[in-house]
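A.B. asks: If you use the working numbering, the sequence shown corresponds to residues 1394 to 1507, in order.
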Amino acid sequence: MSSGAVEQIISSEKGLASWRKQCRFESRRRCHRVCIIRYRQKYPLTIRKEIKKNCYASFMWLYKHDHQWLECNLPPPTKVKKITAVKLRMPKFYYGINFKFNPLPSQHESHIDP
């Protein structure tokens, strides 16, 4: 029997298509949950960013379809430390000074100019 024939039979039976769809959803959810759980067991001190990076497909699927479970099973979010930019300024007395660059003497020159 071909897969097309099976699909026709499933779609003709009332409630069978929705039951099959629910079974697929639960199977995917179980696989993605297991992926996150195993990663957390292997790396218990990991942060959310690492879980997302290393279990990306599972993380995104659960984020979209089972967000509450994902939030309950992720480590608590870490606070981002703000780093403020420091503007470096030269003191005013440097503004009028012209710095000249004197190249190093070549190997052929044996004396140094004062």
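For each residue, glycine too, the CB sits at the ideal point set by N, CA and C.
Quick one: what does DSSP say MET1453 is sitting in, helix, strand or coil?
C.D. replies: Helix at MET1453.
A.B. asks: Helix, strand or coil: how does DSSP classify SER1396 here?
C.D. replies: Note: SER1396 maps to helix in three-state DSSP.
A.B. asks: Using the beta-carbon count (16 or more within 10 Å), is HIS1458 buried or exposed?
C.D. replies: Burial call: exposed.
A.B. asks: On the three-state DSSP scale, how would you describe GLU1406?
C.D. replies: Coil at GLU1406, not helix or strand.
A.B. asks: Tell me which residues share the same chain as LEU1409 and place their Cβ nearer than 7 Å to its Cβ, disregarding the 5 neighbours each side in the sequence.
C.D. replies: Excluding residues within five positions, the ones whose Cβ falls inside 7 Å are ILE1403.
A.B. asks: Nearest CA to the CA of VAL1427: which residue from LEU1438, ARG1413, PHE1452 and ARG1417?
C.D. replies: For VAL1427, the nearest C-alpha among the options comes from PHE1452.
A.B. asks: Does the stretch 1410 to 1417 touch the stretch 1437 to 1444, meaning 3 or more C-beta pairs lie closer than 8 Å?
C.D. replies: Contact between the stretch 1437 to 1444 and the stretch 1410 to 1417 is absent, because fewer than three Cβ pairs lie under 8 Å.
A.B. asks: Out of LYS1445, ALA1478, LEU1455 and ALA1450, which one is the CA nearest neighbour of PRO1470?
C.D. replies: For PRO1470, the nearest C-alpha among the options comes from LYS1445.
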